[in-house]
Amino acid sequence: MSRSVHIGEQEYFPGIGRIRYEGAESDNPLAFKAYDATREVAGKTMEEHLRFAICYWHTFCASGGDPFGPGTRVYPWAKNAEPMAAAMDRMDAAFEFFSKMGVPYFCFHDRDLAPEGNSVGESEENLQTMVAMAKERMRATNIRLLWGTANVFSHPRYMNGAATNPDFDVVAQAGAQVKAALDATQELGGENYVFWGGREGYASLFNTDTQREQENLARFLGMARDYGRSIGFSGTYLIEPKPMEPMKHQYDADAQTVIGFLRHYGLDKDFKLNVEANHATLAGHSFAHDLQMATDAGMLGSVDANRGDPQNGWDTDQFPTDTNDCTQAMLVILADGGFTSGGLNFDAKIRRESVDIEDMFIAHIGGMDAFARGLVFAERMLNDSQLIALRQGRYGSFGSGEGENFVAGKLTLGDLRDYAERNGEPQAQSGKQELVENRMNDLMFR
Ligand code: XLS
Ligand code: NI
Ligand code: NI
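Here it is as structure tokens:
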């Protein structure tokens, strides 16, 4: 089915058509140089591997405001003063943009799609109206929902947290929102449902019962899981780690912390991780590290693709254009067998100074090309006999003799002691990091 480019009554991006692949030699800023949706790499097409999604919040709801000044962009879909009418214009613009970018997926928060009403019931109605419209647009364009989520961090009532709020009345409000967002996600055939613990944390230890808050969070997640399953949602629940911002400390600090939490509370059968590049770096890790920790646990669900700024200590949510970073990420994802229900969601925003309408397209093109290159490079590295031999070789001592017995669980600590004495001082083994790094560069640029 071909995707119609102009969906609603108004065309919001006139003069820009469907973005095409033109190849590495193209000088056209509005064309893909590397992302060729139908190109096969490692047995699947690029589209199937990368499963790109565009996020609703940064791209259609934000206008460039920062703590020091208001937005810098006045989008044509944000002009109607009536909130529901504006939501409909925004949806038309969004689906036109998704179609022109040629992505298979999008992601949303409840409040991105529909404005909050004056009561729980009115908010639910607003959301249902917009979900009906989204369903129709999805059918017309063939664009699917990677995940839905609830924004339980922006409204002032959530200033002390949502599921971890010390006030039960606020916890219940969060419950109402998550219930409606699960309904919306299920209605739209979403493949995952995300929980980002925006304010699930604290600012001061001395007014906070952290143990109670974490127990409440686990209880809340279990309730959400049960409700989702009861309405037929069979997708994956995802927790998105982030160590701080907006709170000083957030409970879902990084991949390993979340894995431990999910296992501790018996949630690890239904929940996986949505790893975001900029959140990993805020936690003092690399993007690839958090991906690796998630895959080691069998819990990599999906990815929020963006990047931070090495000199800025906050969530700058820039578009991912660092080829090295994207390659290292794809190396982990590909080695894990690739995405199942997850994908690469551009949780990224253009800079406040990028005020041309085409900047939205250019930004997404850059991100898609960077990950397409990353995929190609990662495949080369994964199949490179030198790199394979180098890594495997370092663990060769576990393949035979006492090393093999150790792996099989046949040795005691006393056996280790006796072997150490018999064997004497180990011979130093080079880690060969420079060689590995050189080899990776050589493979990228060959
Ligand atoms: C914010 C988060 C947010 C989640 C969805 O830092 O990345 O955008 O992805 O609530
Ligand atoms: Ni995110
Ligand atoms: Ni973020």
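Heads up, the sequence shown is in the working numbering, so the first residue is 10 and it goes up one at a time. We put the beta carbon where it would ideally sit given N, CA and C, even for glycine. Computed from a predicted model, the values in this text were never measured in an experiment.
{"Check": "Enumerate in chain order the residues of its own chain whose CB-to-CB distance from Ala387 is below 6 Å, with the five nearest sequence positions on each side excluded.", "Outcome": "Thr336, Met339, Leu340 and Leu343"}
{"Check": "Name the DSSP bridge partner or partners of Tyr114?", "Outcome": "Ala62 and Arg153"}
{"Check": "Could you pull out every residue in the same chain whose Cβ sits closer than 7 Å to the Cβ of Lys441, ignoring the five residues on either side in sequence?", "Outcome": "Leu399"}
{"Check": "Look up Ala437 in the DSSP assignment and say whether it is helix, strand or coil.", "Outcome": "coil"}
{"Check": "Alpha carbon to alpha carbon, how far is Thr266 from Asn89?", "Outcome": "44 Å"}
{"Check": "Can you find the residues in the same chain that come closer than 6 Å, C-beta to C-beta, to Thr81, ignoring five residues on each side of it along the sequence?", "Outcome": "Gly73, Arg361 and Val364"}
{"Check": "How many angstroms separate the CA atom of Asn174 from the CA atom of Phe115?", "Outcome": "30 Å"}
{"Check": "Terminal residues of the continuous beta strand (DSSP E) containing Val312?", "Outcome": "Leu309 to Asp313"}
{"Check": "Quick check on the burial criterion: 16 or more other C-beta atoms within 10 angstroms. Buried or exposed for Leu226?", "Outcome": "buried"}
{"Check": "When burial is assigned at 16 or more other CB atoms within 10 Å of the CB, is Asn315 buried or exposed?", "Outcome": "buried"}
{"Check": "Check Asp75 in the structure and name its three-state DSSP category.", "Outcome": "strand"}
{"Check": "Cβ of Lys7 versus every heavy atom of ligand 3: is any distance shorter than 7 Å?", "Outcome": "Lying before the first or after the last residue shown, residue 7 is absent from the chain, which here runs from 10 to 455."}
{"Check": "Considering only the beta carbon of each residue, do Ala193 and Leu271 sit closer than 8 Å?", "Outcome": "no"}
{"Check": "Between the alpha carbons of Arg148 and Ala189, how many angstroms are there, rounded?", "Outcome": "21 Å"}
{"Check": "Ignoring anything shorter than 3 residues or poking outside the segment 340–419, list the beta strand (DSSP E) runs there in chain order.", "Outcome": "353–355"}
{"Check": "Per DSSP, what are the beta-bridge partners of Ala40 in this structure?", "Outcome": "Arg29"}
{"Check": "If you compare alpha carbons, which of Ala306, Tyr202, Trp323 and Ser311 is closest to Lys257?", "Outcome": "Trp323"}
{"Check": "So, at 8 Å on beta carbons, what are the nonlocal neighbours of Gln195 in its own chain, with the 5 sequence-adjacent residues on each side left out?", "Outcome": "Gly237, Ile240, Gly241 and Phe242"}
{"Check": "Among the candidates Ala262, Leu291 and Gly293, whose CA atom is the shortest distance from the CA of Thr282?", "Outcome": "Looking at the sequence provided, one finds Leu at residue 282 rather than Thr. Residue Ala262 is the option with its Cα nearest to Leu282."}
{"Check": "Would you say the beta carbon of Trp205 is closer than 7 Å to some non-hydrogen atom of ligand 2?", "Outcome": "yes"}
{"Check": "Any idea which residues DSSP pairs Glu49 with across the strands?", "Outcome": "Thr54"}
{"Check": "Cβ-heavy atom distance between Asp313 and ligand 2 below 7 Å?", "Outcome": "yes"}
{"Check": "Where Asp9 and Arg221 are concerned, what is the direct C-alpha to C-alpha distance, given to the nearest angstrom?", "Outcome": "Within the shown structure, residues of the chain are numbered from 10 to 455, placing residue 9 beyond reach of any answer."}
{"Check": "Taking Cβ positions, are Asn414 and Leu422 nearer each other than 8 Å?", "Outcome": "no"}
{"Check": "Determine, using beta carbons only, whether Gly207 and Phe280 come nearer to each other than 8 Å.", "Outcome": "no"}
{"Check": "Measure the CB-CB distance between Phe328 and Ala357 and report whether it falls below 8 Å.", "Outcome": "yes"}
{"Check": "Suppose the cutoff is 8 Å on Cβ atoms and the five residues either side in sequence are ignored; what does the same chain contact list for Val385 look like?", "Outcome": "Ala43 and Val50"}
{"Check": "Is the closest heavy atom of ligand 1 to the C-beta of Glu196 under 7 Å?", "Outcome": "no"}
{"Check": "With Tyr428 as the anchor, note down where its alpha helix (DSSP H) starts and where it stops.", "Outcome": "Leu422 to Asn432"}
{"Check": "Checking the sheet assignment: what are the DSSP bridge partners for Gln223?", "Outcome": "According to DSSP, which records beta bridges pairwise, Gln223 is partnered with nothing at all."}
{"Check": "Have a look at Glu20 and Phe104 and give me their C-alpha separation to the nearest angstrom.", "Outcome": "11 Å"}
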